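> Chain order of the listed sequences is A and B.
In terms of the numbering used here, the first sequence opens at residue 1 and continues consecutively.
In terms of the numbering used here, the second sequence opens at residue 238 and continues consecutively.
Dropping a structure here in structure tokens format, bear with me for questions.
Protein chains: 2
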Amino acid sequence: MSFLEKYLVKHNPSFESLQEFISNYQNTHMLIIFVSCKVFYTGRAKSTLSWGDHLIIRKKDGTLLIHGSNKREPINWQPPGSSLKSKCRRNLILISRRRHPKEEIKIVISKIYFAVAVDCREGKFQILGTENQMVQQVIAKPYLLEEGFTPLKREFQTPYGNIDLLGKDKKGTFVIVEFKRGKAQLSAVSQLKRYVEYLQKKHPVRGILVAPGITKSAEELIKKWGLEFKKWLSKAS
Amino acid sequence: MSFLEKYLVKHNPSFESLQEFISNYQNTHMLIIFVSCKVFYTGRAKSTLSWGDHLIIRKKDGTLLIHGSNKREPINWQPPGSSLKSKCRRNLILISRRRHPKEEIKIVISKIYFAVAVDCREGKFQILGTENQMVQQVIAKPYLLEEGFTPLKREFQTPYGNIDLLGKDKKGTFVIVEFKRGKAQLSAVSQLKRYVEYLQKKHPVRGILVAPGITKSAEELIKKWGLEFKKWLSKAS
DNA sequence: CGTGCCAGGTGCCAT
DNA sequence: ATGGCACTTGGCACG
Numbered sequence: 001m002s003f004l005e006k007y008l009v010k011h012n013p014s015f016e017s018l019q020e021f022i023s024n025y026q027n028t029h030m031l032i033i034f035v036s037c038k039v040f041y042t043g044r045a046k047s048t049l050s051w052g053d054h055l056i057i058r059k060k061d062g063t064l065l066i067h068g069s070n071k072r073e074p075i076n077w078q079p080p081g082s083s084l085k086s087k088c089r090r091n092l093i094l095i096s097r098r099r100h101p102k103e104e105i106k107i108v109i110s111k112i113y114f115a116v117a118v119d120c121r122e123g124k125f126q127i128l129g130t131e132n133q134m135v136q137q138v139i140a141k142p143y144l145l146e147e148g149f150t151p152l153k154r155e156f157q158t159p160y161g162n163i164d165l166l167g168k169d170k171k172g173t174f175v176i177v178e179f180k181r182g183k184a185q186l187s188a189v190s191q192l193k194r195y196v197e198y199l200q201k202k203h204p205v206r207g208i209l210v211a212p213g214i215t216k217s218a219e220e221l222i223k224k225w226g227l228e229f230k231k232w233l234s235k236a237s
Numbered sequence: 238m239s240f241l242e243k244y245l246v247k248h249n250p251s252f253e254s255l256q257e258f259i260s261n262y263q264n265t266h267m268l269i270i271f272v273s274c275k276v277f278y279t280g281r282a283k284s285t286l287s288w289g290d291h292l293i294i295r296k297k298d299g300t301l302l303i304h305g306s307n308k309r310e311p312i313n314w315q316p317p318g319s320s321l322k323s324k325c326r327r328n329l330i331l332i333s334r335r336r337h338p339k340e341e342i343k344i345v346i347s348k349i350y351f352a353v354a355v356d357c358r359e360g361k362f363q364i365l366g367t368e369n370q371m372v373q374q375v376i377a378k379p380y381l382l383e384e385g386f387t388p389l390k391r392e393f394q395t396p397y398g399n400i401d402l403l404g405k406d407k408k409g410t411f412v413i414v415e416f417k418r419g420k421a422q423l424s425a426v427s428q429l430k431r432y433v434e435y436l437q438k439k440h441p442v443r444g445i446l447v448a449p450g451i452t453k454s455a456e457e458l459i460k461k462w463g464l465e466f467k468k469w470l471s472k473a474s
């Protein structure tokens with residue numbers, strides 16, 4: 001591939017030709033390969049994917065994706081940092097390994113429809129509306145939480161976990177604030193309770209869960225445990 | 238594309254040609270398109286991806302994936318069930334929408350390197366080694382948990398959440414068992430504690446966390462709360 | 001490295 | 001639809 005070309009396509013390559021293609025480009029290009037194959041994964045779990053048509057994507061950071069005809073998630077994958085080797089037998093076999101944890105994917109390919117090597121330089125990504133930004137807003141404008149609130153420490157560490165935001169209310173009582181960007185569930189209440197249980201051994205303390213909504217049972221639980229829920233309006237008026 | 242062909246490639250298609258290609262194949266084929274583009278997402282959060290080369294995959298179930306040059310995760314995406322429309326302006330614009338929640342992705346394309354439509358029939362997938370299988374093993378061989386254990390109910394529902402496995406020990410005391418397939422963390426202890434707190438209002442009850450390992454602080458917490466940890470040997474001897 | 005935890009989490013299954 | 005939760009979760013930040 002000349003340095004001017006963005007991509008190179010191989011149609012119905014032979015096994016040997018794909019092997020060479022892979023070894024030539026796997027460190028510099030993203031590979032997109034459409035094949036008939038079966039897949040064996042073993043590692044943290046163990047899985048098999050029977051014969052079918054699958055899209056294989058291999059990124060130069062070592063990521064391996066095996067996609068099927070639906071769903072957002074790949075059927076099988078290997079995360080960044082994984083190796084890739086090929087063997088030519090009766091079928092073409094691709095093996096991707098990672099070390100920690102030890103995991104292996106074996107792709108047995110019977111037919112290669114096409115393979116593309118692509119020179120991909122991605123853009124810059126920015127995102128807004130995360131939990132972190134909720135916390136930042138409350139730190140900047142503490143009255144958004146409640147009148148008289150004073151933030152003390154972001155990510156306050158305890159042996160029971162890390163408190164999103166520790167502060168004091170207008171009476172000087174410690175306040176533990178847990179933020180959720182989506183509807184708060186039982187687990188969020190548990191989390192807040194953990195922090196409160198720890199801190200209240202030393203000080204009187206309030207616990208406030210801040211989220212745009214809360215499930216029914218989480219709301220019942222939070223009342224039962226004497227904690228508070230504060231609905232968060234994303235408007236941030 | 239004839240019904241015999243597995244795939245069809247367009248090299249450097251014009252905007253209009255890609256529009257036609259998409260509308261012809263988006264309901265029956267997986268589309269794989271490599272372009273120079275920028276992306277705007279708005280919905281649960283809001284993000285921008287600046288100009289760069291990105292791989293666009295559109296599955297016939299409506300899934301949209303926008304991949305960059307590294308990482309397992311797509312930079313932007315739309316889940317199954319999303320729509321896709323195109324507009325031709327100065328650039329080619331693809332818009333994918335979903336209803337619940339209301340979310341939109343706008344892809345502004347300045348250059349199309351290639352587009353492929355693919356007829357993808359995926360294989361059957363099977364997986365072993367999940368949490369569910371740990372539970373099934375204990376149900377089949379209760380002594381693996383402890384001598385004299387009797388399983389009573391899988392997924393026992395409480396207003397505090399669902400208990401993986403409820404049973405009784407040899408003395409007839411209720412036992413709540415929570416399984417984790419990986420190293421158990423603070424959240425697992427919290428979860429177990431929730432169930433125990435609920436049931437112990439009515440009966441004396443033990444809580445056992447079953448996992449191949451446990452983090453230091455989770456172990457301390459589980460002791461402090463009077464719960465038990467049982468190390469799970471995947472050997473299932 | 002391990003630990004904790006958010007994520008536009010996704011996906012599955014239950015009511 | 002809402003909810004509870006596992007997931008080969010992935011990814012990040014911090015000790």
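A virtual CB, placed ideally from N, CA and C, is assigned to each residue, including glycine.
What you are looking at is a predicted structure, and each value in this text was computed from that prediction instead of being measured.
(1) Indicate whether B:Gly398 and B:Tyr432 have their beta-carbon atoms separated by less than 8 Å.
(2) Which residues of chain B have a Cβ atom closer than 8 Å to the Cβ of A:Leu55, listed in chain order?
(3) According to the Cβ coordinates, are B:Thr300 and A:Lys102 closer than 8 Å?
(4) Which residue's Cα is closest to the Cα of B:Val272: B:Asn264, B:Thr265 and B:Leu255?
(5) For the segment 170–188 of chain A and the segment 457–472 of chain B, state whether three or more C-beta atom pairs, one from each stretch, are separated by less than 8 Å.
(6) According to DSSP, is B:Glu457 part of a helix, a strand, or is it coil?
(7) Round the Cβ separation of B:Lys243 and B:Val375 to the nearest angstrom and send it over; I've been treating them as touching at under 8 Å.
(8) Are B:Thr367 and B:Arg418 touching if we call contact CB-CB under 8 Å?
(9) Could you tell me which chain B residues have their CB closer than 7 Å to the CB of A:Gly226, listed as they occur along the chain?
(10) Nearest-angstrom Cα distance between B:Pro396 and A:Leu92?
(11) What runs of the alpha helix (DSSP H), each 4 residues or longer, lie entirely inside the segment 97–142 of chain A?
(12) Along chain B, which residues have their Cβ under 9 Å away from the Cβ of A:Ser47?
(13) Locate the alpha helix (DSSP H) running through A:Ser23, then write down its first and last residues.
(14) Give the secondary structure of B:Ser474 by DSSP, where H, G and I count as helix, E and B as strand, and everything else as coil.
(15) Which of helix, strand or coil does DSSP assign to A:Leu227?
(16) Along chain B, in chain order, which residues have C-beta atoms closer than 9 Å to that of A:Phe143?
(17) Hey, does A:Phe40 have any beta-carbon neighbour from chain B nearer than 8 Å?
(18) Cβ closer than 7 Å: which chain B residues qualify as neighbours of A:Thr63?
(19) Compare the beta carbon distance of A:Ser110 and B:Arg358 with 8 Å and say whether it is the shorter of the two.
(20) Counting only Cβ pairs nearer than 9 Å, list the residues of chain A close to B:Ile312.
(21) Secondary structure at B:Arg418, three-state DSSP: helix, strand or coil?
(22) Closer than 9 Å by beta-carbon distance: list the chain B residues that pair up with A:Pro80, in chain order.
(23) Using 8 Å as the limit for Cβ to Cβ distance, is B:Phe351 near chain A?
(24) Taking C-beta to C-beta, are A:Asn238 and A:Val39 nearer than 8 Å?
Reading from the atomic positions:
(1) Counting from 1 along the second sequence, the entry for residue 398 of chain B is found at position 161. Counting from 1 along the second sequence, the entry for residue 432 of chain B is found at position 195. Closer than 8 Å, so yes.
(2) Working through the first sequence from its first residue, we reach residue 55 of chain A at position 55. Simply Met267, Ile269, Ile294, Val355 and Cys357.
(3) In the second sequence, counting from the first residue as 1, residue 300 of chain B sits at position 63. In the first sequence, counting from the first residue as 1, residue 102 of chain A sits at position 102. No. Outside cutoff.
(4) Here residue 272 of chain B corresponds to residue number 35 of the second sequence, with the count starting at 1. Minimum Cα distance to B:Val272 is reached at B:Leu255.
(5) no
(6) Counted from its first residue, the second sequence places residue 457 of chain B at position 220. Three-state result, B:Glu457: helix.
(7) The residue given as residue 243 of chain B occupies position 6 in the second sequence. The residue given as residue 375 of chain B occupies position 138 in the second sequence. Incorrect: roughly 46 Å between the Cβ atoms, too far for contact.
(8) Reading the second sequence from its first residue, position 130 is the one you call residue 367 of chain B. Reading the second sequence from its first residue, position 181 is the one you call residue 418 of chain B. Yes.
(9) The residue given as residue 226 of chain A occupies position 226 in the first sequence. Within chain B, no residue comes near A:Gly226; the closest Cβ sits about 13 Å away, beyond 7 Å.
(10) Residue 396 of chain B sits at position 159 when you count from the first residue of the second sequence. Residue 92 of chain A sits at position 92 when you count from the first residue of the first sequence. Distance between the alpha carbons of B:Pro396 and A:Leu92 is about 53 Å.
(11) 131–140
(12) Walking along the first sequence from the start, residue 47 of chain A turns up at place 47. Phe362, Gln363, Ile364, Leu365 and Gly366, listed in chain order.
(13) Along the first sequence, one-based indexing puts residue 23 of chain A at 23. Start and end: Phe15 to Tyr25.
(14) Position 237 of the second sequence, counted from the first residue, corresponds to residue 474 of chain B. For B:Ser474, the predicted model reports a pLDDT of 35, less than 50, meaning its position is unreliable; a value from the coordinates is still stated below. Correct three-state label for B:Ser474: coil.
(15) The residue you call residue 227 of chain A lines up with position 227 of the first sequence. In this structure, A:Leu227 counts as coil in the three-state DSSP scheme.
(16) For the purposes of this step, residue 143 of chain A is identified with residue 143 of the first sequence, where counting begins at 1. The amino acid occupying residue 143 of chain A in the given sequence is Tyr; Phe does not appear at that position. Those within 9 Å of A:Tyr143 in chain B number zero; the least Cβ separation is about 25 Å.
(17) Mapped onto the first sequence, residue 40 of chain A falls at position 40. Not closer than 8 Å to any Cβ of chain B, the Cβ of A:Phe40 fails to qualify, so no.
(18) As a working note, residue 63 of chain A is residue 63 in the first sequence. The contacting residues are Asn307, Lys308 and Arg309.
(19) As a first step, residue 110 of chain A is located in the first sequence; it is residue number 110 there, counting from the start. As a first step, residue 358 of chain B is located in the second sequence; it is residue number 121 there, counting from the start. Not closer than 8 Å, so no.
(20) The residue you call residue 312 of chain B lines up with position 75 of the second sequence. Going along chain A in sequence order, the residues near B:Ile312 (Cβ under 9 Å) are Glu122, Gly123 and Phe125.
(21) Here residue 418 of chain B is taken as the residue at index 181 of the second sequence, counted from 1. Coil, per DSSP.
(22) For this step, residue 80 of chain A is matched to residue 80 along the first sequence. Within chain B, the residues near A:Pro80 are Asn307, Lys308 and Arg309.
(23) Start at 1 with the first residue of the second sequence, and residue 351 of chain B comes out as number 114. Closer than 8 Å: yes.
(24) Given a span of 1 to 237 for chain A in the structure shown, any question on residue 238 of chain A remains unanswerable.
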